Structures are given as C-alpha cells and as structure tokens.
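In terms of my numbering, the sequence shown opens at residue 143 and continues consecutively.
Glycine included, every Cβ here is placed at the ideal spot set by N, Cα and C.
It should be emphasised that the depicted structure is a prediction, and the values quoted were computed from it without experimental measurement.
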Amino acid sequence: MFRAIPRFGGPCGSILVLVLFLGVTGPIAALGQVVREDFYVTNGPVFCTAVSGNTLYAGGDFTQVGPATGGFVPTDATTGALVAGYPKVNGNINTIASDGAGGWFIGGYFTTAGGLPRSNLAHIRADLTVSSWAPDADNSVSALVVVGSTVFVGGDFTTVGGQSRTRIAALDATTGMATAWDPGANQSVWRLAVSGSTVYASGFFTTIGGQPRQYLAALDATVNTNSATAWNPNPNSLVDEIVISGTTVYVCGSFSNIGGQPRNYIAALNATLNTNNATAWNPNPPFPFIYALAVSGNTVYVGGSFDNIGGQPRNNIAALDATINTNNATAWNPGSNSTVVALSVSGSTVYAGGAFTSIGGQGRSKVAALDALVNTNNATAWNPNAGNSVHAIGVSGSRVFLGGNFTTVGGVTRNRAAAFDLTTGLPTAWNPNANERVYAMLIDGGTVYVGGQFSTIGGPTRLNIAALDPASGAATAWNPSAFGIVRALAVSGTTMYVGGEFSSIGGQNRNRIGAVTTTVNTNNATAWN
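Laid out in structure tokens, this is it:
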C-alpha cells in the first residue's frame with residue numbers, strides 16, 4: 143500500500159514524503175510491509191496518488207523528487223554528487239562540527255542515525271560509520287563547537303550526557319558523558335563560539351552562567367557554575383550568530399543597540415572590553431534579517447534576507463571589508479533570490495545554504511559554492527541540488543557535508559506532479575509541470591485527470607482541472623475550467639463528478655460540486671446540480 147507519511151522537524155516545520163510499502167500476499171501479509179529505501183521521495187506534501195499498471199502518479203505541493211537521504215549528507219567537493227555509504231539521519235540537522243579527523247558531530251532534531259538510536263546528537267566518523275558516542279539530548283540541539291576532547295552543545299534540552307543540563311553543556315568527545323561544566327540558561331541557546339577558555343553563547347535567554355545576561359554572554363570554560371564573565375554587550379534584542387576573529391566578536395541578529403552603541407542587526411564587539419565594547423565597524427543594514435556570518439582574513443561574509451548592506455544594494459548575501467567602518471560592502475555580489483542562512487569558507491570558495499533557487503547567476507537549489515575571487519555570476523559547477531533548506535555546511539578534504547531540514551539531495555525537478563516506476567522506485571519522464579498545487583488525481587480510460595489550484599499544467603492554461611496524457615504529461619483538449627479550487631474527483635461512465643471551492647465549472651454556475659462530461663472538451667457541465 144501507499145502512504146503519505148509526515149516527517150516532523152521541530153522548529154523547522156514539517157513536510158510529507160511519499161514512501162512505498164511492499165505488501166506480501168498470503169497468510170503473513172500483515173507482517174510483510176517494509177519501507178522501500180530505494181524509492182524516491184518528494185520535497186513537499188503529497189496530497190493525492192493514483193496507480194496505473196506499474197506506474198504510481200502523485201500530486202501535491204513539491205518541486206523536486208529525489209533519493210531519500212535524510213537530513214545529513216556528504217557530497218563530492220568537485221561535483222556535488224552524493225558520496226555513497228553515508229548513514230541516514232531521520233530528522234533535521236541544525237548544526238555540525240568537525241571532529242578534527244575527517245568526521246563530524248551533528249546536532250538537531252532526530253532519533254536515529256544510520257539505523258541506530260541517537261537522540262538529537264551523533265558522531266559520524268570519517269569512514270561514514272556512526273560511532274558509539276550517544277549523549278542523548280532530550281530536546282533539539284542548535285549549536286556545536288568541538289575544542290580538543292570537549293564538545294560544547296547548546297539548544298533546548300534539559301538533560302544530556304546522562305546529566306541534568308539546562309540548554310547548554312560540555313560533553314566528553316569520546317564517551318558522550320557530560321562534564322562538570324554547568325552554566326545553565328533559562329531559555330534556548332542558539333549559537334556557540336569558543337576562543338581560548340571563553341565560550342560565547344547567544345540565544346533567547348536572559349540569565350546564563352549565574353548572571354543576568356540578555357541574549358549574549360561569555361562563559362569561563364574553566365569554571366563549572368556561575369561561569370558568566372564580566373563581558374556584557376547587552377543587546378536589546380536577539381543574536382542569531384557569533385563568529386570570532388582575533389579579539390573581535392562579530393554578531394548578527396535583530397538588535398538595534400549593542401555594546402553601548404546603536405548598531406542595526408550586525409556589529410563587531412571588542413572581546414577585551416566588558417561593556418561599551420562595540421567597535422566603530424558599522425555596515426548598518428536597513429532590515430533585521432541577518433542570519434549567517436563567516437570571516438576570512440579581512441572579509442566578513444554575511445547572509446540573510448536583505449536588499450542593502452554596507453552602503454550598497456545586495457540581495458541576501460554580501461562581503462564586507464572588516465577594515466572599513468561604514469559603506470564597507472566590497473564589489474563581491476553573487477545575489478540570491480531568497481534567504482541565505484548558512485555560510486562556510488574554504489580557501490577561495492564560499493559555500494552558501496538557505497532557501498534560494500538561484501544564486502551567483504545560476505539556478506542552485508538551497509546550496510551553492512561561490513568563487514570568492516569573482517564578483518558576479520560566480521556560482522561554481524558544484525551543485526548538490528538539495529530539496530529543502532540547508533542549515534549547516536562543513537568541508538573536510540574532498541567532501542562537503544550538508545545538514546538541514548531536507549529529506550532529499552540530488553533529485554530532479556518535478557513541479558507538483560510526478561510519476562514513479564513501481565519496480566525501480568525512480569521517477570519517470572512524466573512531468574506536467576503544474577504552477578500550483580495538485581489536490582486530486584484519478585485515472586480513467588488511459589487518461590490522468592487532476593484537480594487543484596493551478597492555472598497551467600501539461601503546457602497550456604488549465605484552470606484548476608485538467609486531463610493529462612499518461613505517457614507525455616501533456617494536457618489534452620479537455621478543459622472544463624473551474625473558477626476555484628478543485629479538491630476531489632470521481633468518475634462514473636463518461637461523467638466526472640467534481641468537488642471543491644469553485645463557483646462555476648464547465649461553463650455553468652456550480653457551487654462547490656458539479657458534474658462534467660468527459661466526452662466534450664468545453665462548456666461540458668451536465669444538468670446535475
């Protein structure tokens with residue numbers, strides 16, 4: 143049988159993916175349902191399915207179909223192709239951190255990794271096996287930093303590593319057990335950064351380390367409790383990201399004042415001054431949607447949802463000169479058509495992740511590599527093609543690791559309607575390319591009938607209802623035109639019964655339910671009303 147199974151992803155939302163179950167005939171049929179791991183999935187909800195012979199047709203609100211990857215994948219650093227043999231994670235990945243030996247610690251909202259029980263934290267070795275490290279956080283993990291034999295973690299948990307730890311903890315990198323370090327935060331911890339023996343934390347908290355600290359704090363890693371230092375920039379709103387470069391702490395968020403100075407949404411703070419520590423550096427973007435930072439030399443890369451920063455028009459991604467205080471956007475200008483939430487720099491390549499479908503002058507779905515030495519049209523050939531947002535990017539040797547709320551990477555475009563070969567699990571060439579949602583589908587007489595909220599499907603204009611060729615996906619001449627959403631279809635003989643939220647169909651006024659004949663192409667409403 144076929145089921146649309148919800149995958150819940152904590153704060154990152156949820157999607158529906160199409161999963162095939164194999165039924166077994168005979169007396170053991172009830173025990174014979176097995177998830178088909180080889181069957182391709184969608185990157186959004188599936189609302190309807192229909193089967194004809196060895197083909198499964200599906201409609202919904204997706205834009206891609208691809209292999210079921212889970213939320214963490216390794217890709218080839220040259221091509222972007224998936225690296226075989228990786229362990230699948232069954233939920234969202236919010237953060238990843240290198241173990242220094244080619245492997246990665248991962249944190250997010252999941253329960254298994256590589257088929258093994260792992261609650262929101264796991265360690266993937268360089269050989270892509272899952273280690274025995276299992277701290278088992280009881281809620282989501284948003285931040286990870288590895289320093290030597292210690293893994294610092296932040297999130298929404300209250301127990302981790304076998305101990306009570308409220309939203310922030312230090313874990314042994316080998317055993318997974320919590321160390322004695324226990325600052326405690328009264329609300330979520332979103333980001334962590336470490337410099338020497340100082341752990342910088344940001345989040346939704348107002349107390350941490352035994353002291354009042356609003357949204358941003360510095361903690362002494364050598365002091366187990368009451369560990370907040372005197373460093374206190376006191377932002378007036380949330381801090382989303384922290385990056386350290388020397389004695390400068392770069393932060394971004396929704397604040398308008400920080401370190402004793404007016405600073406809109408991005409700032410540089412002096413790590414050696416406790417208060418009034420904002421430097422003169424001030425890119426001053428007009429909108430509070432800066433989500434990602436990365437520093438390379440004297441360049442600060444920023445990502446978010448903005449159209450101006452550093453005194454220049456820049457769409458969602460930019461580079462800022464760290465040595466110039468104002469009007470400091472460089473000429474580097476990839477441009478992205480939607481939000482950028484993750485950045486990582488490796489040599490002369492800037493990796494970006496987010497919700498975009500175009501960046502650097504090329505179509506790129508949710509993740510891209512950009513040449514830092516080329517100012518525009520600078521997307522490289524690397525193209526993993528993720529199905530949903532990428533939140534974390536890490537580079538190790540010849541691999542680029544991705545984490546996010548995606549369930550598929552390396553798929554193909556299928557806008558809201560697709561067909562699958564039931565034997566192989568792979569998509570067929572059938573691609574009607576609906577411009578909006580498909581809610582209803584049935585097959586009759588060798589024709590695939592669909593209903594939904596679209597205005598084009600199978601090539602020409604078709605208003606919310608259409609008939610498609612089962613092989614080519616092209617719309618037939620049948621064109622009843624429903625003025626409103628179509629949500630249900632049923633057929634009897636040559637009569638198609640239609641339900642939804644329309645006011646007319648087949649050339650006649652029909653409120654929410656009507657009947658049209660399948661043998662006449664237009665003005666085909668029957669007298670049934």
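Looking at the C-beta of V393, does it have a partner C-beta in chain C at a distance below 9 Å?
No chain C is part of this structure, which consists of one protein chain only.
Tell me whether I147 sits in a helix, a strand or coil according to DSSP, three-state version.
Only weak support exists for where I147 lies, its pLDDT of 25 falling under 50; the value from the coordinates is given anyway. Residue state, collapsed to three classes: strand.
Considering only the beta carbon of each residue, do T292 and A363 sit closer than 9 Å?
yes
From which residue to which residue does the beta strand (DSSP E) around A246 run?
Checking the displayed sequence, the identity of residue 246 turns out to be Trp instead of Ala. Its beta strand (DSSP E) spans residues W246 to Y251.
What does the alpha-carbon distance come out to for the pair G453 and S488?
27 Å
Closest Cα partner of A409 within the set N416, N527, Y251 and V391
V391
Inspect the beta-carbon positions of V551 and I535 and report whether they are closer than 9 Å.
no
Could I get the ranges of all uninterrupted beta strand (DSSP E) runs contained in the region 639-665, with 3 residues as the minimum, in chain order?
655-659
Can you check DSSP and say which residues form a bridge with V542?
Answer is T217 and V537.
Can you tell me whether V365 is helix, strand or coil according to DSSP?
coil
Beta carbon of R309, beta carbon of I384: below 9 Å?
no
Can you check whether the CB of L258 is closer than 9 Å to the CB of P229?
yes
Roughly how many angstroms separate the alpha carbons of A561 and N577, rounded to a whole number?
17 Å
Under 9 Å between C-beta atoms of G641 and V628:
yes
Following the continuous beta strand (DSSP E) through F189, name the residue where it begins and the one where it ends.
Here the beta strand (DSSP E) through F189 covers V188 to S194.
Is the beta carbon of S538 sitting closer than 9 Å to the one on G502?
no
If you reduce the DSSP assignment to three classes, tell me which class V283 lands in.
Note: V283 maps to strand in three-state DSSP.
Between L97 and A434, how many whole angstroms is the CB-CB distance? I'm expecting something under 8 Å.
Here the chain has residues from 143 to 671 only, and residue 97 is not among them.
Helix, strand or coil: how does DSSP classify V166 here?
At V166, the pLDDT of 33 sits below 50, so the modelled position is not reliable and the matter cannot be decided from this model.
Alpha carbon to alpha carbon, how far is F347 from T220?
Distance between the alpha carbons of F347 and T220: 41 Å.
On a CA-only basis, which of V288, F548, T589 and N651 is nearest A619? Give me that one, please.
T589
Terminal residues of the beta strand (DSSP E) in which I386 lies:
V381 to S387
Indicate whether A436 and V381 have their beta-carbon atoms separated by less than 9 Å.
no
Proximity winner among N366, V393 and V207, relative to P375 (alpha-carbon distances)
V393
Reduced DSSP secondary structure (H/G/I, E/B, other) of I599:
Note: I599 maps to coil in three-state DSSP.
With DSSP collapsed to three states, give me the class of P325.
coil
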